[in-house]
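Below is one structure; the comments refer to it alone.
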């Protein structure tokens, strides 16, 4: 057991040095995760970070817990399989906006619907960073910085929180890489929430989207309690500017799978015998 | 003298209860110690299409598709016509049908012995809820010398969750069918000792997996593999495991990788199109050394192909479908009962060698049910795993290639499994030495393992060798018997382990044979080309490959061998 009563965030960092650009928002997410872990005194041996592919998906190697760095878009599927098979573990899936909302979009909506007791941290910088700056499903329609879509993607971006709500996610929060202390609180709360908890993180990419440094002027911390009514939340997610941070939605829903009843050992060959 | 086999075709509309008749008839036959196979043939529709129960009652448990049918029960002639090329009647076959309507000319051409009865009317007159299929079951039961009571008991058991009036109706119709006066008789094969098992290959594969320790399954429905998953859902519930119905095959394969990473033996089943979707992540299991087992029940391809019919055309994708150098296991069951052994062996190998195992079953083996002796079981594997001395290195370079696999919850063995190339610790690395060493490690653990004698089933001595896998195994055994009648002695080699190929053992098995034939149910000769590419043969290697949907025929194989021998 590695439950540390007086754990410090740095105790949860691994010896592997992050490969991220200077100024990347993901450093702040890493710090928030280790801070949340320290705050909860989380057991390193009983915790697994699961990711797909992308800049943000490299994060599991930087944390001293168990980890799985899978293939592009499938982190949520790996994480749900793991949590269903091993309900005793703390399972956190994480990745970027391309990984989670484009190639992994189907897994995202079904994870929201399924409501397995785990946390998903989507580090949204509105761009594919690892492949050098292409538009993602959350990129503005007129963002014309990519050679792949020189006139901008031309299609309206997803609203991840609205998508999560429509798909049945019971707990939705938003954090910002410029406010790691708040993010650490959100992640800790997400881990403790019984069910699928979705933390949408505005995590800036100053390399491909230097304009994101302007986010700090528009980000605002929500000072009201989380909404529990889906109708109200739907209206809010469709009309907000997307820069409101905090726990935004929190509704009770039963977790899947339900706890198993104790079973007698059964002879599974019985039906085959003549 | 009793015949060696008797084949019965029952045809009708999908949903008319044709398959139930076949199942109950075979179960009643099996209770008497009889042996037999029930093949199910469907059109692509679920209701309103055509459906056939194709029974072959036999002396032995070597189950091939019947080449001709001695008895036909046709509920109507439209649906029979849709099986035109699949159901060939023997001369003088017994044909049971309604007394009204014209019998097709091709049926009359075999000069059938006709039993024409107003079956629907008689069923309706017997009981208000009377169904013609149960009446027909009675007729067929009488032909086989089965008792009405035995059939009724089985029918009542099958209808256990239906209203009592249904069970009453079924019983009354069966009794009435058995009591009819029939104008002809058939002779039936001898029965053996009573007992044994009755199951399908898909059930057997699911059973083998559960007995080998599988406790997590992720499932996405696909024909003809859905029934494996459905059977396992119940089995896992009984054993305390979990089954998740995934949103697609991409999720299914990754869910089992996640669960396996958690230390829980994990499994999925699919068919060609699903396997194609899974291949990227099977590579992840190979690279991250996460043990998983995938049962692929092959159907006609490519693309949607012929989903309800058998073929062996996924061998190429199973062997070569992964990107990069990704050594993994490919196995194939020898027959329905052997699905228990092969599926369990695949799980043990995948777990022991920490890799992905693909089991290539096929629709013929998977969806046919048969009476078999209690299936042979596979012992757990002994693998030379090397202990870590000091700090834990997940991907430690060991002599065997196998390194200790920790799971979350294990104290102080934390690591990050990775599809990125990595060093011994698991840290991502693009270094030349790490890549060479880890590639060699992952390859070595498969090639260095001693697979023993289970790699193939070898039978007979002779100048000709017949090599195959899966449902071709029974067809080549039948061909060998036919060749023996022609004075050609043949040896059959049915491969259970296809990758890694056991070249030396196969070479030794071919010793003394003047020529070898590779027999497979696909168009391109996939096994033939694989074997040609992997080893040198000291004898000429010939190819017999014929795609589905018709099952491989021992007769056609024997004819091809004779023709080649004479040329």
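Protein chains in written order, with my numbering: chain A, 3 to 276; chain B, 92 to 658.
Positions of the beta carbon are idealized from the N, C-alpha and C atoms, including for glycine.
- A straight line joining the alpha-carbon of residue 375 of chain B with that of residue 175 of chain B spans about 45 Å.
- When the beta-carbon positions are compared, residue 105 of chain A and residue 54 of chain A come within less than 9 Å of each other.
- Under the Cβ criterion of 9 Å, residue 301 of chain B is counted among the residues facing chain A.
- Closest in C-alpha terms to residue 363 of chain B, from the list B/454, B/304, B/331 and B/430, comes B/454.
- From the listed residues A/229, A/36 and A/22, the smallest Cα separation to residue 12 of chain A is found for A/36.
- Taking 9 Å as the CB threshold, residue 31 of chain A stays off the interface with chain B.
- Distance from residue 108 of chain B to residue 224 of chain B at the Cβ level is roughly 3 Å; contact confirmed, criterion being Cβ atoms closer than 8 Å.
- Contacts with chain B at 9 Å (Cβ-Cβ) include residue 67 of chain A.
- In the three-state scheme derived from DSSP, where H, G and I count as helix and E and B as strand, residue 636 of chain B is classed as strand.
- Its Cα nearest to that of residue 652 of chain B, the residue B/608 stands out among B/619, B/522, B/608 and B/247.
- Separation of residue 271 of chain A and residue 303 of chain B (C-alpha to C-alpha, rounded to the nearest whole angstrom) is 13 Å.
- Look at residue 258 of chain A here: in three-state DSSP terms it is coil, with no helix or strand label.
- Here residue 387 of chain B carries a strand assignment [DSSP, helix/strand/coil].
- Proximity of residue 121 of chain B to chain A, defined by a Cβ-Cβ separation below 9 Å, is satisfied.
- Cβ proximity to chain A below 9 Å picks out nothing from the stretch 179-208 of chain B.
- Residue 275 of chain B is bridged by DSSP to nothing; it lacks a bridge partner.
- Any Cβ of chain A closer than 9 Å to the Cβ of residue 100 of chain B would place that residue at the interface, and such an atom is absent.
- Contact annotation for residue 496 of chain B against chain A: no contact, minimum CB-CB distance about 12 Å [criterion: below 7 Å].
- The C-alpha of residue 498 of chain B is placed about 5 Å away from the C-alpha of residue 354 of chain B.
- By the Cβ criterion, the stretch 488-504 of chain B is not in contact with the stretch 579-597 of chain B, since fewer than three pairs of Cβ atoms, one from each stretch, lie closer than 8 Å.
- Contact check for residue 197 of chain A and residue 172 of chain A: beta-carbon distance about 5 Å, within the 8 Å limit, so the pair qualifies.
- Distance from the CA atom of residue 115 of chain A to the CA atom of residue 187 of chain B, rounded to whole angstroms, is 53 Å.
- Residue contact check for residue 222 of chain A against chain B: no CB pair falls below 9 Å.
- Linking residue 267 of chain B to residue 226 of chain B through their CA atoms gives a straight-line distance of about 7 Å.
- Residue 536 of chain B counts as buried, since at least 16 other C-beta atoms from the protein chains shown sit within 10 angstroms of its C-beta.
- Across the structure, residue 92 of chain B and residue 400 of chain B are spaced so that their CA atoms are roughly 35 Å apart.
- Contact with chain A is found for residue 290 of chain B, since one of that chain's Cβ atoms lies less than 9 Å from the residue's Cβ.
- Distances from the CA of residue 590 of chain B to each of B/451, B/557 and B/331 were compared; the closest alpha carbon is that of B/451.
- In the DSSP assignment, residue 22 of chain A falls outside any beta strand (DSSP E), carrying neither H nor E.
- One thing to note: residue 397 of chain B has its Cβ no nearer than 9 Å to the Cβ of residue 367 of chain B.
- Annotation: Cβ neighbours of residue 81 of chain A in chain B (cutoff 8 Å, chain order): 349.
- For residue 524 of chain B, the uninterrupted alpha helix (DSSP H) run begins and ends at 523-538, by DSSP.
- The beta carbon of residue 259 of chain A falls within 9 Å of a beta carbon belonging to chain B, placing the residue at that interface.
- Taking the beta carbon of residue 119 of chain A as reference, no residue of chain B falls within 8 Å; the closest one sits roughly 13 Å away.
- Among the residues facing chain B, residue 70 of chain A is included, as its CB has a counterpart in that chain under 9 Å away.
- Per DSSP, the beta bridge partners of residue 160 of chain B are B/180.
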